[in-house]
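Asks:
Residue numbers (the numbering used here): 413 to 789.
1) Since residue 444 is in the alpha helix (DSSP H), which residue starts that stretch and which ends it?
2) Is the stretch 445-461 touching the stretch 588-603, taking contact as three or more C-beta pairs under 8 Å?
3) Helix, strand or coil for residue 774, going by three-state DSSP, please let me know.
4) Return helix, strand or coil for residue 433, following the three-state DSSP convention.
5) Let me confirm a value: residue 416 is counted as buried when at least 16 other C-beta atoms fall within 10 Å, else exposed. Which label applies?
6) Would you mind stating whether residue 742 and residue 659 have Cβ atoms separated by less than 9 Å?
7) Does residue 433 pass the burial test, meaning 16 or more other C-beta atoms within 10 Å, or should it be called exposed?
8) Distance check for residue 577 and residue 549, CA to CA, integer angstroms please.
9) Let me know the alpha helix (DSSP H) ranges lying completely inside the stretch 503-532, each 4 residues or longer, listed in chain order.
10) By how many angstroms is the C-alpha of residue 466 removed from the C-alpha of residue 614?
11) Within 8 Å, do at least three Cβ pairs link the stretch 687-703 to the stretch 724-734?
12) So, are the CB atoms of residue 464 and residue 484 less than 9 Å apart?
13) On the three-state DSSP scale, how would you describe residue 448?
14) Do you know how far the Cα of residue 604 is from the Cα of residue 770?
15) Hey, would you say residue 427 sits closer than 9 Å to residue 600, going by beta carbons?
16) Beta carbon of residue 639, beta carbon of residue 671: below 9 Å?
17) Confirm, please, whether the CB-CB distance from residue 747 to residue 510 is below 9 Å.
18) Can you tell which of 666, 763, 473, 487 has its C-alpha closest to the C-alpha of residue 564?
19) Run through the DSSP bridge pairs and tell me what residue 672 is partnered with.
20) Assuming residue 639 is part of the alpha helix (DSSP H), what are its boundary residues?
21) Can residue 710 and residue 649 be called in contact, C-beta distance under 9 Å?
22) Applying the 10 Å Cβ sphere with the 16-neighbour rule, what's the burial state of residue 529?
23) Return the CA-CA distance between residue 431 and residue 655, expressed in angstroms with no decimal places.
24) Tell me the rounded alpha-carbon separation between residue 716 and residue 558.
25) DSSP on residue 611, reduced to helix/strand/coil?
26) Using three-state DSSP, classify residue 738 as helix, strand or coil.
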């Protein structure tokens, strides 16, 4: 007899194997291909981590140079794709604009219906890594009525994104904080959006369709959209003097407080200390300590009252805000990083594929006969 235990949200269910990353909640640790993420964030650029996630090992100097050359050469997007982004309603959420842009990019791929092998999909993955920041930056500027700034080929991934958004590369402290956030967001096991990409891939659909599905899943406030919600929360609190009472009131009224708790981590998200360090550095760099002080009070109160710890979205939201970005752009930054993890999982799924098709337990009406229309009362 089959086990009919219902695991809502697939909580605790192990559905497959992976060699890409491992979340170890018992010691609050996360590793990419065996390397602790906090060490990668401190000692490696995001480009190195992208190579690691796709290839299983950290690159040599020669491999990294070749990879950077390839990525930088593919940052341009077509005039047609740029026109699609330009025609997107300025009131649209940036995740919706990005979802459409990636879908259009897939339609531009002349070999989409012919080649789905691992080597071709790795090339597509690198191309998406290179082009998605250009898409995000293009929409960022178009909706403000500003001219598109083409990507540069002579600077790093994070530096180029700031160039395309603001027209200049900021201080190294800002670039490092942004780069660290990309490393921390790059991969995280079978999370909702990654699992979405694997489900789509399991039907033998193409890599772009899977990524578009991942974007749709990530947009939700219970997943990627939480970093936006955190900053809105901090703005609602407004001042450090209001923070503790705000949190106590929210808990008393049983409000959902975004940026706290995690399905996997129970004693704190392993990525939080690293991102919090760089959020503090952003506060020091900008001289604006308000958001840091509010965050500290909110976190301390939540832990004191409920023993629920912050997740990565809690420090990343205010860090991005202090960099000067619009709040609704935070989740697209998540996509810029997670495209590495998504595509690695897509290729891993393809390598040993089985259609993902779970069962359900029916709770509807029992079997009954159809009554003809004229006989129904």
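Cβ coordinates follow ideal geometry from the N, Cα and C atoms, glycine included.
Replies: For this structure:
1) No alpha helix (DSSP H) holds residue 444; the beta strand (DSSP E) holding it covers 441-444.
2) yes
3) coil
4) strand
5) exposed
6) no
7) buried
8) Answer to the nearest angstrom: the Cα atoms are 5 Å apart.
9) 506-519
10) So the alpha carbons of these two residues sit roughly 19 Å apart.
11) yes
12) Contact flag unset, no.
13) strand
14) 15 Å
15) Result no, Cβ atoms of residue 427 and residue 600 do not sit closer than 9 Å.
16) Here residue 639 is near residue 671, since their CB atoms are less than 9 Å apart.
17) yes
18) Closest by alpha carbon: 487.
19) Residue 672 pairs with 722.
20) 638-649
21) yes
22) Classification of residue 529: exposed, given that the 10 Å Cβ count is below 16.
23) 42 Å
24) 46 Å
25) The answer is helix: DSSP assigns residue 611 an H, G or I state.
26) When DSSP states are grouped into helix, strand and coil, residue 738 belongs to the coil group.
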